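Just so we're aligned: the sequence shown equals residues 1 to 956 in UniProt numbering. Here's the structure, in structure tokens; my notes come after.
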Amino acid sequence: MDGCIICICSGTDLVNLNFMFMVAENPDTARKWIEGLRSVIHNFKANNVCPMTCLKKHWMRMCFLTNVNGKIPVRGITRTFASGKTEKGIFQALKDLGLPSGKNDEIEPSDFTFDIFYALTQKICPRTDIEELFKKINGNKTDYLTVDQLVSFLNENQRDPRLNEILFPFYDHKRATQIIEKYERDEELKKKDILGCYMSSDGFCRYLMSDENAPVFLDRLELYQEMEHPLAHYFISSSHNTYLTGRQFGGKSSVEMYRQVLLSGCRCVELDCWDGKGEDQEPIITHGKAMCTDILFKDVIQAIKDTAFVTSDYPVILSFENHCSKPQQYKMAKYCEEIFGEFLLKQPLENYPIESGRPLPSPNDLKRKILIKNKRLKPEVEQKQLEAFKKHMEAGETNTPIEDKELNSEAPSSLSEATTEKEANSRVRVKHLGICVRLYPCHVQVAEEPEDSEEALIAQYTYVGATTNIHPWLSAMVNYAQPVKFQSFDVAEERNIHHNMSSFNESVGLGYLKTNAIEFVNYNKRQMSRIYPKGGRVDSSNYMPQIFWNAGCQMVSLNFQTPDLAMQLNQGKYEYNGSCGYLLKPDFMRRSDRMFDPFSETPVDGVIAATCSVQVFSGQFLSDKKIGTYVEVDMYGLPTDTIRKEFRTRMVMNNGLNPAYNEEPFVFRKVILPDLAVLRIAVYDDNNKLIGQRILPLDGLQAGYRHISLRNEGNKPLSLPTIFCQIILKTYVPDGFGAIVDALSDPKKFLTIAEKRADQMKALGIDTVHTHTHTAHQFELPCWFEELYLTDCVQPTYLKLLKKQQKELNTLKKKQSKVGDCFSANLSVYNAKRLRLILDTQHTKEWSELISSHSSEEQEMKDSHVTQQCEHLKKLLTTVQEQQTMQLKLIHERQSKEMRANQAKMSMENSKAISQDKSIKNKAERERRVRELNSSNTKKFLDERKRVGCYYLLFF
């Protein structure tokens, strides 16, 4: 029988399981059954089927639920629609379709085809919301859509305008025709004429309920991210106190929890190891000193081996909290090596040595490998003790191989956890509608509940820290996940040891986020950190993980046995990328040259903020009871992006079948970081009990009219419940810039409108052609600029100086002229011959010297005059500048005062306008809008003040 027994586990969550055993004829048959069942159970696309497929599955289920006569009872069909319609209406619908309609009648399965069932649902639950949309598209003029109308609808409503046109091309006639041919059932409408084929409202409804209209990009559900980056660059799905099935005190431990958690995609599980007290001295796993039951360490290791790489091939990290003595640590190491075999990563990879400054290997490098996170000895101590241990083993001393004085004399581990991880608590119950398949039956040890009260249990509890006396064999198995005591971010950066990691409870982690947010993000770019619940969470509740994802923390560990909101966010997030348990962090959270503040309220460099709008129209098959329902829409992301408990529809009473909400759109106007944001749509009944919910990461969300299939609180698909809504995604545009963005996004349309307006103005006799001629590139000056430059430089004193200098220059020239005349008279008494001889000799020299002397005197006087003019002008300009400075100061003060008054006035007007805006329905949204407008106004006025300041500084 070895290898022939198959155990099938099923249940609504990870804790309350049913077990069914099957015996195969031989091990090969058993393996084929297991492979087949697992391919169905762990098919991520099966969890994201369209509403039409859900209807088909429900129809098949009804067909299987036949009575003893092999027929489908009408009573079973009525239960499907009982939450919104009376039995009389259901019977009438069956009669209209030609089916037996009596309360005790039966229907032949061959007569109850899917087309009949679909027609029945449309009769009982007519889709008036889709019918109204259909009429809106065709203008309520015909009973069909043309190809052009369908193309226009698809491009304008069903396509995200932010998408690249090459990678995500617009819909064209060919594609629209293919859609009509696929979903239209009326053959007459499918026949092509001059205008093409047509689509009826029934075909349109079938299209909106199909896989082609999924709310998320289906390729995001596959493995689509790069897996070649260091481990520190990924978010890693992580579990806390994995063994617990319930509370942290007095709770029950189960080996099965490890199987279920790993099968759900978790990649980091926790093992609290203690010395066993039985005769066999086997190490156990339990929440020490907390009155919890225990399980055997070796059983857990076997369970991990069986399920570690069923859902994902990427590495599993075992977080040991080791309280065992060295003899039992020896057993732990032995079980890990023997059971895991080649799965266990015992030595560092050749290309990734354990050295300072060397990055961690990637998930691809560590495929199908199990890493152990445990305290490690100093290298020299580990080597010496390991050699001594091998000598003991060679000598055959295996009973207490490490109790030798030589080994215990060495110093204990130098690497210790900053804060031990056991003061935290328990696990999260995730509702699990799937099935776990394995070759071995599970054994859950159950202990009676202690009679002591919770307070008494907590009072008796004393935490015992993990041991620092590590067995060298176990220490040698630790490589890329070496826990160390956290000292500071500066010390960690200085050491630059990527394989060192630290753990923080949620309170300590929040403290570091408040004081060193940017440093925490930078730390997580280099090495890994683990966050776990604080010790006060006795009920195994969870903290909100989003705040730590915002800081780039890789292992945000949660209690998987508690299906609360935090766990829903976790499961919804890790559903992407093939549910492999690893999600690549955004670029700015990985690169050392980028800075990111997780509390930022302004857009991150290189990341475009988004606007998300959700309008809820209706629900389908929300409950099997006649109850009231309402829908809540929340956003989780950065603190500034997170909006919760603000947007909810009205309550629709006594209709759990097809309530119509028809609400105004819920608008998330400014999502700073769409890469980290998730949208949550949740449906509650009139007692505020959750009916269904769905987590939709914003980076994979599709715009348009979509049916959102709901999940239960454990994030498992519900068969029929859906919400029909319209999702609008676009780039965030601040107030006042809408027209500019519209013009940039569609220049042709903008130019057409501009030309039309120009023609209208021309008809009124206004010519706009030359209005702005020669002014496009001119620098606009303030009104007071010109008068400041009209300085009275031509002062009387300056004119007087110029007159005086001119008079002096004229006197000098007159004097020089007289000297020249005397010299010429002396020369005239000589005859021509004598004159020629004098000019040739002595007189030529004297005449040259005289001319040179006159020129020098004249130049000296001119230089002196220029110097006097400069000094005089300098005095004049200094006086004028002082006057202008006083004038500028007065103008600047007046304008600053006016700007401050205008800013205050505009803020009051904005607040008044927002308070009177009836579309804003809650106080928090009003306050957000006021803050945003005031911030925009402040920036605008600061820019204006800078502009005025530039004019002021221009003159200094």
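Note that the Cβ used here is the ideal one computed from N, Cα and C, for glycine as well. Please read these numbers as outputs of a predicted model, since none were measured by experiment.
Excluding residues up to 5 positions away in sequence, 359, 360, 361, 362 and 498 lie with their Cβ nearer than 8 Å to the Cβ of residue 230 in the same chain.
By the C-beta density criterion, residue 199 is buried, having at least 16 other C-beta atoms within 10 angstroms.
Rounded to whole angstroms, residue 531 and residue 288 show a C-alpha spacing of 20 Å.
Between residue 728 and residue 683, the beta carbon gap of about 21 Å keeps them out of contact (Cβ cut-off 8 Å). When C-alpha distances from residue 164 are compared across 534, 895 and 730, the shortest belongs to 730. For residue 297, the closest alpha carbon among the candidates 332, 263 and 266 is that of 332. By the beta-carbon neighbour count (other beta carbons within 10 angstroms, threshold 16), residue 553 is buried.
Secondary structure within the stretch 221–255: not one fully enclosed alpha helix (DSSP H) run of 4 or more consecutive residues is present. In this chain, the beta strand (DSSP E) harbouring residue 685 covers 678–685. In the three-state reduction of the DSSP assignment, residue 661 falls in the coil class, being assigned neither a helical nor a strand state. Looking from the CA of residue 495, the closest CA among 511, 171 and 526 belongs to 526. Taking C-beta atoms as the reference points, residue 658 and residue 619 count as a pair closer than 8 Å. Inter-residue distance for residue 674 and residue 550 is about 12 Å (C-alpha atoms, whole angstroms). Shortest Cα-Cα distance from residue 43 to any of 172, 646, 542 and 575 involves 575. About 28 Å separates the CB atoms of residue 604 and residue 725; that is not less than 8 Å, and the two are not in contact. Per the DSSP secondary-structure output, residue 707 pairs in a beta bridge with 724. By the neighbour-count definition (other C-beta atoms within 10 Å, threshold 16), residue 364 is an exposed residue. Excluding five sequence positions before and after residue 872, the CB atoms of its chain that fall closer than 8 Å to its own CB belong to 797, 798 and 801, given in chain order. When the five nearest sequence neighbours on each side are left out, the beta carbons in the same chain lying within less than 6 Å of the beta carbon of residue 546 are those of 636, in order along the chain. Between the stretch 385–394 and the stretch 334–352 there are fewer than three inter-stretch CB-CB distances shorter than 8 Å, so the stretches are not counted as touching. C-alpha of residue 51 to C-alpha of residue 224: approximately 25 Å in a straight line. If you check the CB distance, residue 74 and residue 94 come in under 8 Å.
Taken in chain order, no unbroken stretch of beta strand (DSSP E) lies wholly in the stretch 116–164 with a span of 3 residues or more.
244 is the residue among 244, 506 and 925 whose C-alpha sits nearest the C-alpha of residue 271. Put simply, of 242, 324, 643 and 265 the residue whose alpha carbon is nearest the alpha carbon of residue 300 is 242. Secondary structure at residue 307: helix, using DSSP grouped into helix, strand and coil. Runs of beta strand (DSSP E) with 3 or more residues, each lying fully within the UniProt domain "PI-PLC Y-box" (474–590), are found at 500–505, 529–532, 555–558 and 582–584, listed in chain order. Distance from the Cα of residue 125 is smallest, within the candidate group 249, 82 and 28, for 82.
Going by DSSP, residue 207 is part of the alpha helix (DSSP H) stretching over 201–208. Cβ neighbours of residue 118 within its own chain (closer than 7 Å, five residues either side excluded): 55. The shortest C-alpha to C-alpha distance from residue 70 to any of 934, 905 and 109 is the one to 109.
Per DSSP, residue 36 is one residue of the alpha helix (DSSP H) stretching across 27–41. Secondary structure note for residue 347: it is in no alpha helix (DSSP H), with a DSSP letter that is neither H nor E.
With fewer than three CB-CB distances shorter than 8 Å, the stretch 377–385 does not count as touching the stretch 509–520. Residue pairing by DSSP puts residue 693 in a beta bridge opposite 682 and 711.
The beta-carbon distance between residue 107 and residue 72, rounded to whole angstroms, is 5 Å. This is short enough to meet the 8 Å contact definition.
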